[in-house]
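Number of protein chains: 2
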Amino acid sequence: MNPNPTILIIEDEPPLQKFLRLTLSTQGYNVLEAARGDDGLKQAPTAKPDVIILDLGLPDMDGVEVTRRLREWSAVPIIIISARGKEQDKVAALDAGADDYLTKPFSVGELLARLRVAFRHASAANPQTGDPIFQVGGLRVDLSRREVTIDGKAIHLTPNEFRLLSVLVKNAGKVLTHRQLLREVWGPQSNEETHYLRVYMNQLRQKLESDSARPIYLLTESGVGYRLVSEI
Amino acid sequence: MNPNPTILIIEDEPPLQKFLRLTLSTQGYNVLEAARGDDGLKQAPTAKPDVIILDLGLPDMDGVEVTRRLREWSAVPIIIISARGKEQDKVAALDAGADDYLTKPFSVGELLARLRVAFRHASAANPQTGDPIFQVGGLRVDLSRREVTIDGKAIHLTPNEFRLLSVLVKNAGKVLTHRQLLREVWGPQSNEETHYLRVYMNQLRQKLESDSARPIYLLTESGVGYRLVSEI
DNA sequence: TGGAATCTTGATGAAATCTTGATACCCCCG
DNA sequence: CGGGGGTATCAAGATTTCATCAAGATTCCA
């Protein structure tokens, strides 16, 4: 899941709109809004929200219809909020494809808890498509598993070494200036400590290169910075 | 989904038990029953129900605890039915891993509709990958039975030890940060109590490693966190 | 209610990592 | 040939992070 999940609120009453916007953004969610069904249907494909909160009583079209239209192409979790509490309303909405149904008035805590359930479902439905793995020659870097191997052998890196390598991996093929590397690894105030770079680059080479004096992966661009080759 | 989906009902009141059994089997569902929490926990791993309906008010243990135990190894949809309608009860159950929460008395139609939602989720989730048993070297962890053996010998773990190990097992091979582990085991508010981790990781090593000073399963990633090796 | 198991917490030495200074290197240019 | 800027390497503290022991609290269960 993204660090900041996005919620699309389709709701026409301004007070409730405002209330939801405030509550959810305070929780750190990214909030999008639509006041009409057609607007919501238009926003959803481009905005790709992680969850949709949908009021059944919209001015232009029925919420059940909105649900059905969304389900034609998307599996995004839909939480209904509605003033109608009759069984047949709930059944209709749930069978149209909604995932949950809250009757107004509802408590904030419950809404948030049910949202967390929806997010769990969303991230379970989108299994990670495998970790992004960088590979060149015998060097292999799996950033998300924090794993580095050279010719199949696992290499242990210290936190700073790993951070430095991961900046290089994310910009493989490009030259990174001393200044850029220092900022990324040691923070914005360390711009001049070029010596750090020399020490750590050397340590990386000792661990990754078979001949650290003649590196094939971690190249020096004299007077500029360093570069990790992207192909061999 | 199977042609005849299976539902496990964990419910102690005989009248409601009977009512659910009749209603659901009439709908063509295959019904299993447990009157106590521990019985339900015992049936679940072998019966592999497609959905679990769980009453919070069980005689032997709290329903939230049952939920948490199930979630240690299974993603099966759990629908709570409960007489307690307070917000904090709902939040606790949903955050423990439940997927839905119905307050008694509820209407049959709504229950059936929410069951259909649960089945949709169950079939959307990834196919069962057999028993959730983790094994590497001489270490074997059966999450659903809470059994840990090392070279065939059973090992007794305390609740916290087991929770810590199960988080590591579920992410075997990956480095878990101190923060992640603390959140999973001690709850979201304990982010800084790194000392806990040291103590419990040490206890796990005492029990699982032949030489706890030179661990082969539970590795330290200094400055980052810990990792359970996924292959030897 | 008593005893056992478990959890929490503090203290201490060991290990890993980071920082820093000293020194040798290499290559280009005059 | 010699100087100088930029670079590589080594290694000794300083600092942070870890492992370990053990003594109270607390909880659990009979």
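From first to last, the protein sequence lines are chains D and W. Residues in the first sequence are numbered from 1 upward in steps of one, following our numbering. Residues in the second sequence are numbered from 1001 upward in steps of one, following our numbering. The C-beta atom is built at its ideal place from N, Cα and C for all residues, glycine as well.
Distance, G97(D) Cα to H195(D) Cα: 60 Å
Residue range of the unbroken alpha helix (DSSP H) whose run includes T46(D): 37 to 47
query: Does DSSP classify V1148(W) as helix, strand or coil?
result: strand
message: Please identify the residue among G37(D), R183(D), I53(D), D39(D) whose C-alpha is closest to the C-alpha of V31(D).
response: I53(D)
message: I need the straight-line Cα distance from I1150(W) to P1049(W), nearest angstrom please.
response: 30 Å
query: How about A1124(W): is its C-beta nearer than 7 Å to some C-beta of chain D?
result: yes
message: Could you give the first and the last residue of the continuous beta strand (DSSP E) run that contains T220(D)?
response: 218 to 221
The stretch 1200 to 1218 of chain W touching the stretch 1106 to 1126 of chain W, judged by at least three CB pairs closer than 8 Å: no
task: Return the Cβ separation of V1051(W) and F1119(W) in integer angstroms, given the expectation that the two are a contact with Cβ distance under 8 Å.
output: 6 Å
query: What is the DSSP secondary structure of T158(D), reduced to helix, strand or coil?
result: coil
message: Let me see if you follow: with CB-CB separation under 7 Å, is G1223(W) close to chain D or not?
response: yes
query: Could you give the distance in angstroms between the alpha-carbon of L168(D) and the alpha-carbon of E161(D)?
result: 11 Å
message: Output needed for R145(D): all residues of its chain with C-beta closer than 7 Å, excluding positions within five of it in sequence on either side, in chain order.
response: D131
query: Using a C-beta to C-beta distance shorter than 7 Å, which residues of chain D count as neighbours of D1099(W)?
result: V117
- request: Output the boundary residues of the alpha helix (DSSP H) element that contains Y1123(W).
  value: First, the amino acid is wrong: residue 1123(W) is Ser here, not Tyr. Residues 1108 to 1124.
message: Would you say E110(D) lies against chain W (beta-carbon separation less than 7 Å)?
response: yes
field: Interface flag, K1207(W) vs chain D, CB-CB below 7 Å
entry: no
field: Near-chain D residues of the stretch 1025 to 1050 of chain W - C-beta to any C-beta below 9 Å
entry: none
- prompt: For V1141(W), which residues does DSSP report across the bridge?
  reply: F1134(W), V1148(W)
- request: Determine the direct distance from the alpha carbon of K170(D) to that of G1173(W), and round the result to whole angstroms.
  value: 22 Å
message: Distance check for V141(D) and L1111(W), CA to CA, integer angstroms please.
response: 49 Å
query: Which of the three DSSP states, helix, strand or coil, is assigned to V1229(W)?
result: coil
Chain W contacts made by the stretch 163 to 191 of chain D, where a contact means CB separation under 9 Å: none
query: What are the boundary residues of the alpha helix (DSSP H) that V1199(W) is part of?
result: 1194 to 1208
query: Along chain D, which residues have their Cβ under 7 Å away from the Cβ of E1087(W)?
result: S107, G109, E110
task: Measure the alpha-carbon distance for V1148(W) versus V1117(W) and round it to whole angstroms.
output: 35 Å
query: Going along chain W in order, which residues have a C-beta closer than 9 Å to the C-beta of T158(D)?
result: S1222, G1223
- request: At 7 Å on the CB atoms, spell out the chain W contacts of R114(D), in chain order.
  value: L1094
- request: Pull up the distance between the alpha-carbon of A1092(W) and that of I1155(W), whole angstroms please.
  value: 31 Å
- request: State the beta-bridge partners of A1034(W) as determined by DSSP.
  value: I1010(W)
task: Would you list the residues sitting across from D50(D) in a DSSP beta bridge?
output: D50(D) is not bridged to any residue.
- prompt: Nearest-angstrom Cα distance between A1075(W) and L204(D)?
  reply: 41 Å
- request: Could you name the residues that DSSP lists as bridge partners for V175(D)?
  value: R227(D)
query: On the three-state DSSP scale, how would you describe S166(D)?
result: helix
- request: Would you be able to state if there are at least three C-beta pairs under 8 Å between the stretch 1010 to 1026 of chain W and the stretch 181 to 196 of chain D?
  value: no
field: Length of the line joining the Cα atoms of D1100(W) and L1115(W)
entry: 9 Å
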